[in-house]
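K.L.:
Can you keep this structure in mind? I'll have questions shortly.
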Amino acid sequence: MSATLKVVRPGLFDTVQDFGRIGFMALGMPTAGAMDRIALSLANALVGNPLGTAAIEIGVMGPDLLVEADSVRIALVGPLSPSLIDGQDAQPKPIESDRSHLLKRGQILRVGMIEGSSTAYLAIAGGLAIPMFMGSLSTYSRAGVGGFDGRKLAAGDVLPLARENAPAGNERKLGAPFDYGKGPIRVVWGPQDDYFSAKGRKTFIESDYKVSKEADRMGIRLDGPVIEHAKGADIISDGIGPGAIQVPGAGLPIVLLGDRQTVGGYSKIATVASVDLPRFGRLLPGQTVRFEAITVEEAEKLRRDQEVRLKSAIAGFQTARPPGGIDLVKLYEENLIDGVVF
Amino acid sequence: MSVRYLSCGDTAFTVEFGNEISPVINGQVMALHAAIGKAKAAGQLPGVVETVPTMRSLMVTYDPVSTTRAELLPEIEALIARGLKADGKTRQVTIPCCYDGEEFAPDLKEVAKATKKTPEQVIEAHLNSAFKVYVLGFMPGLAYIAGLDPSLYLPRRSQPRVRLPRSTVAIAMDMTTIYPFESPGGWHLIGRTPLMMFDQRQPQPVFLAPGDSVTFQRIDRKTYDRMAQEAERDTLDWKKLVKP
Numbered sequence: 007m008s009a010t011l012k013v014v015r016p017g018l019f020d021t022v023q024d025f026g027r028i029g030f031m032a033l034g035m036p037t038a039g040a041m042d043r044i045a046l047s048l049a050n051a052l053v054g055n056p057l058g059t060a061a062i063e064i065g066v067m068g069p070d071l072l073v074e075a076d077s078v079r080i081a082l083v084g085p086l087s088p089s090l091i092d093g094q095d096a097q098p099k100p101i102e103s104d105r106s107h108l109l110k111r112g113q114i115l116r117v118g119m120i121e122g123s124s125t126a127y128l129a130i131a132g133g134l135a136i137p138m139f140m141g142s143l144s145t146y147s148r149a150g151v152g153g154f155d156g157r158k159l160a161a162g163d164v165l166p167l168a169r170e171n172a173p174a175g176n177e178r179k180l181g182a183p184f185d186y187g188k189g190p191i192r193v194v195w196g197p198q199d200d201y202f203s204a205k206g207r208k209t210f211i212e213s214d215y216k217v218s219k220e221a222d223r224m225g226i227r228l229d230g231p232v233i234e235h236a237k238g239a240d241i242i243s244d245g246i247g248p249g250a251i252q253v254p255g256a257g258l259p260i261v262l263l264g265d266r267q268t269v270g271g272y273s274k275i276a277t278v279a280s281v282d283l284p285r286f287g288r289l290l291p292g293q294t295v296r297f298e299a300i301t302v303e304e305a306e307k308l309r310r311d312q313e314v315r316l317k318s319a320i321a322g323f324q325t326a327r328p329p330g331g332i333d334l335v336k337l338y339e340e341n342l343i344d345g346v347v348f
Numbered sequence: 002m003s004v005r006y007l008s009c010g011d012t013a014f015t016v017e018f019g020n021e022i023s024p025v026i027n028g029q030v031m032a033l034h035a036a037i038g039k040a041k042a043a044g045q046l047p048g049v050v051e052t053v054p055t056m057r058s059l060m061v062t063y064d065p066v067s068t069t070r071a072e073l074l075p076e077i078e079a080l081i082a083r084g085l086k087a088d089g090k091t092r093q094v095t096i097p098c099c100y101d102g103e104e105f106a107p108d109l110k111e112v113a114k115a116t117k118k119t120p121e122q123v124i125e126a127h128l129n130s131a132f133k134v135y136v137l138g139f140m141p142g143l144a145y146i147a148g149l150d151p152s153l154y155l156p157r158r159s160q161p162r163v164r165l166p167r168s169t170v171a172i173a174m175d176m177t178t179i180y181p182f183e184s185p186g187g188w189h190l191i192g193r194t195p196l197m198m199f200d201q202r203q204p205q206p207v208f209l210a211p212g213d214s215v216t217f218q219r220i221d222r223k224t225y226d227r228m229a230q231e232a233e234r235d236t237l238d239w240k241k242l243v244k245p
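Each protein sequence line maps, in turn, to chains F and X.
Under the numbering used here, the first residue of the first sequence is numbered 7, with each subsequent residue one higher.
Under the numbering used here, the first residue of the second sequence is numbered 2, with each subsequent residue one higher.
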């Protein structure tokens, strides 16, 4: 019998994402991939998966998923208030986010709304049984490729699971919420900062910018003071890296993210440091950001420090005990010490 | 050779060979793209993820957790210093194209009028152009193919179309292109190929690659219909059309 999760009610923009489709930008293929690689990594680690295993990226509001497997272990990471429904007509019971849960056949997982972030993740122990496309499971919906049928999840979709049953083991939870950092978003000048006047660069770095409604997986358009060009907005197209901040003729910045096009013809004033891309990928319309310029060397170091913090967050996972339940791992470790055999 | 290194944050940098569109500059871009690919295949340049060639520059992406820009730049400079020669492995690609009728070539008459040619002369000039794929982008598989006969140079249409069919062959400025998906577009539509520029079923879903030499081959409507059906059923013999 096949194990599946069935979408009984879709969320707003739920797509399958991993670390992205790597190696095909030269053919015009965007990388796509998780908007928040930190939360994807944590969700996977909570269920015992390799960090880049494809999971469901929740956009703003998540789906209701019916468990059609004897058991499945999932983990939700993000500011969510999920609940579990034990069967038809049963009342939803709140469950915790930032931890793993063991779900049984017939239960419905209600992922619910994300509060204060645009993005959260649902990882499944063992992952999804979906064929890769060009080496990745990331959905790129503009071309209708990758992930589940190349699109966001819809009512009635049946997601095949790689495992028939949940692997044995305890439930785990985050020791503390991951610190994404506060304050200005760090950027590195370039590739075309010389296309802007000194005044334009000052405006960019000293102003508050508001996330507009035009924010999706491709990029986020910002509202705020107009940035002055010195050599014009148009360039001969060149490559667009993750977090590139392009400024078209109207002078308002657009930050390009996972589903960004591979090349483009607008001058790019700066690039979001990779350490702050996960934070950027969580922004909601109406939120305000400010930018701070750092050097490439500083950005590289911040990123490496963040990877170390991610590793220690994973090493610091705690066993999540059900109320009144026992901590099997702890008991086992104590047994080894005490030499008591039950 | 004056090469500029442009910063693209801490995960990429762009090697810019010039600020103009020329075959010489693009040749250098493609040679470095190939040289880095070769070095990577030989286990060198650890931490380099991929390279993105455009008309005049090459973006190199890297993993800042396993390397740094300061480590990579001297390696890239050494590759350039060793001399950038095209590896001579240009693929020769033939693209069958049907130029017949309003449906496939709605702009052919207008192009003829604007270039003071007959429609037949426009087709002839397109067939005789020595095309080369400069860059892919904008959407997966969309190739900017330069080398159009100069007598056909036209600006883009003042009124772009909202929707045009997949596999439409179009021209604008000094280039030709083939739309991989049904999409909007502002170029002049002069034909249609039975080939798909992006086909999920293929092991290599994108048909063209940067550096390819391209020639168009005229086919009639009957041949188009047969080949389009074969392409649809995935029974078309692609290999005949691509010479390595």
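Backbone N, C-alpha and C define an ideal beta-carbon position, used for all residues, glycine too.
1) Less than 7 Å between CB atoms is the rule here; does F:D244 satisfy it with respect to chain X?
2) Taking Cβ-Cβ distances below 7 Å as the criterion, which residues of the region 8-20 of chain X are in contact with chain F?
3) Determine the closest residue to F:F350 out of F:S213, F:T301, F:Y186, with distance taken between C-alpha atoms.
4) Based on the DSSP secondary-structure assignment, which residues constitute the bridge partners of F:S142?
5) Which residues, taken in chain order from the region 48-73 of chain X, show a beta carbon closer than 8 Å to some beta carbon of chain F?
6) Does the beta carbon of X:F139 come closer than 7 Å to any beta carbon on chain F?
7) For the region 194-226 of chain X, enumerate the residues whose C-beta is nearer than 9 Å to any C-beta of chain F, in chain order.
8) Roughly how many whole angstroms lie between the Cα atoms of X:P156 and X:T169?
9) Could you tell me whether the region 97-116 of chain X touches the region 132-148 of chain X, using the rule of 3 or more Cβ pairs below 8 Å?
10) Quick one: residues in its chain with C-beta nearer than 6 Å to the C-beta of F:L262, no 5 flanking neighbours on either side, listed in chain order?
11) Identify, in the order they occur along the chain, each residue of the same chain with its Cβ nearer than 6 Å to the Cβ of F:G345, setting aside the five sequence neighbours on each side.
12) Counting pairs of Cβ atoms below 8 Å between the region 64-73 of chain X and the region 179-198 of chain X, do you hit three or more?
13) Do F:L33 and X:V207 count as a contact pair if the criterion is CB distance below 7 Å?
14) In chain X, what lies closer than 8 Å to F:G58 by C-beta?
15) Do F:I120 and F:I194 come within 7 Å of each other at the CB atom, strictly closer than that value?
16) Excluding sequence positions up to five away, which residues of its chain have a Cβ less than 8 Å from the Cβ of F:V232?
17) At which residues does the alpha helix (DSSP H) containing X:I77 begin and terminate?
18) State the CB to CB distance for the pair F:A45 and F:G84, rounded to an integer number of angstroms; the pair is presumed to be in contact (CB under 8 Å).
19) How would you label X:V25, buried or exposed, when you count the other beta carbons within 10 angstroms and need 16 or more for buried?
20) Since I believe F:G132 is in contact with F:L167 (beta carbons under 8 Å), could you give me their beta-carbon distance rounded to a whole number of angstroms?
21) Take F:R296 and list the residues in its own chain whose beta-carbon comes closer than 6 Å to its own, dropping the five residues that flank it on each side.
22) Identify whether F:S318 lies in helix, strand or coil by the three-state DSSP scheme.
23) With 7 Å set as the bound, which would you pick, yes or no: does the beta-carbon of X:L33 sit closer than that to a beta-carbon of chain F?
24) Alpha carbon to alpha carbon, what distance is there between F:G58 and F:K317?
25) Strictly under 7 Å for the Cβ-Cβ distance: is X:G102 near chain F by that measure?
26) Does the CB of X:W239 have a neighbour CB from chain F at under 7 Å?
27) Taking the CB atoms as reference points, tell me whether F:G264 and F:G39 lie closer together than 7 Å.
28) Between the alpha carbons of X:V123 and X:L153, how many angstroms are there, rounded?
29) For F:I28, report the span of its beta strand (DSSP E) as first-last.
30) Going by DSSP, name the residue or residues bridged to F:M353.
31) Quick check: what's the CA-CA separation for X:P151 versus X:D175?
32) Closest Cβ-Cβ distance between X:L128 and chain F: below 7 Å?
33) Once the 5 residues before and after F:K8 are set aside, which same chain residues still bring their CB inside 7 Å of it?
34) Measure from the alpha carbon of F:R27 to the alpha carbon of each residue in F:I320, F:T10, F:A60, then state which is nearest.
35) Use the C-beta contact count for F:N50: other C-beta atoms within 10 angstroms, 16 or more gives buried, fewer gives exposed.
36) Does the distance from the C-beta atom of F:V53 to that of F:R111 stay below 7 Å?
P.N.:
Inspection of the coordinates gives the following:
1) Yes - at least one Cβ of chain X is within 7 Å of the one on F:D244.
2) Of all residues in the region 8-20 of chain X, only S8, C9, G10, D11, T12, A13, T15, N20 come within less than 7 Å of chain F when Cβ atoms are compared, listed by chain position.
3) Nothing in the structure corresponds to residue 350 of chain F, since chain F is present only between 7 and 348.
4) Residue pairing of F:S142 in beta bridges, as defined by DSSP: F:F139.
5) The residues in question are V50, E51, T52, V53, P54, T55, M56, R57, S58, L59, M60, T62, P65, V66, T69, R70, A71.
6) Cβ-Cβ to chain F under 7 Å: yes for X:F139.
7) Within the region 194-226 of chain X, the residues whose Cβ lies closer than 9 Å to some Cβ of chain F are F199, Q201, Q205, P206, V207, L209, A210, P211, listed in chain order.
8) Taking the CA atoms as reference points, X:P156 sits about 18 Å from X:T169.
9) The region 97-116 of chain X vs the region 132-148 of chain X: no contact.
10) Non-local beta-carbon contacts of F:L262 in its own chain, meaning distances under 6 Å to residues more than five positions away in sequence, involve G225, I246, A250 in chain order.
11) Residue placement at F:G345 is flagged as unreliable, the pLDDT there being 49, under the threshold of 50; the coordinate-derived value follows with that caveat. Excluding residues up to 5 positions away in sequence, nothing lies with its Cβ nearer than 6 Å to the Cβ of F:G345 in the same chain.
12) These segments do not touch.
13) It is a contact, given that the beta carbons lie within the stated cut-off.
14) Within chain X, no C-beta atom comes nearer than 8 Å to that of F:G58; the closest sits roughly 12 Å away.
15) Correcting the residue identity first, residue 194 of chain F is Val in this sequence and not Ile. No; because the gap between Cβ atoms is not below 7 Å, this pair is not in contact.
16) Same-chain partners within the cutoff: T209, A256, G257, L258.
17) Taken as a continuous stretch (DSSP letters only), the alpha helix (DSSP H) holding X:I77 covers 70-82.
18) Confirmed, Cβ separation roughly 6 Å.
19) That one is exposed.
20) The Cβ separation is near 7 Å, so the contact holds.
21) Apart from the 5 residues on each side of it in sequence, F:R296 sits with its Cβ closer than 6 Å to the Cβ of P190, D214 in its chain, given in chain order.
22) Reduced to three states, the DSSP call for F:S318 is helix.
23) Not an interface residue.
24) Taken atom to atom, the span from the alpha-carbon of F:K317 to that of F:G58 is near 14 Å.
25) No - not a single Cβ of chain F is within 7 Å of the one on X:G102.
26) Taking Cβ atoms only, chain F never reaches closer than 7 Å to X:W239, which makes this a no.
27) For F:G264 and F:G39, yes; Cβs fall inside 7 Å.
28) Rounded to whole angstroms, X:V123 and X:L153 show a C-alpha spacing of 7 Å.
29) Going by DSSP, F:I28 is part of no beta strand (DSSP E) at all; its letter is neither H nor E.
30) The structure shown does not extend to residue 353 of chain F, since chain F spans only 7 to 348, so no value can be given for it.
31) So the two alpha carbons sit approximately 7 Å from each other.
32) Using a CB distance cut-off of 7 Å, X:L128 does not count as an interface residue toward chain F.
33) A quick correction: the sequence has Ser, not Lys, at residue 8 of chain F. Cβ within range, chain order: P166.
34) From the listed residues F:I320, F:T10, F:A60, the smallest Cα separation to F:R27 is found for F:A60.
35) When all chains shown are included, F:N50 counts as buried.
36) Not closer than 7 Å, so no.
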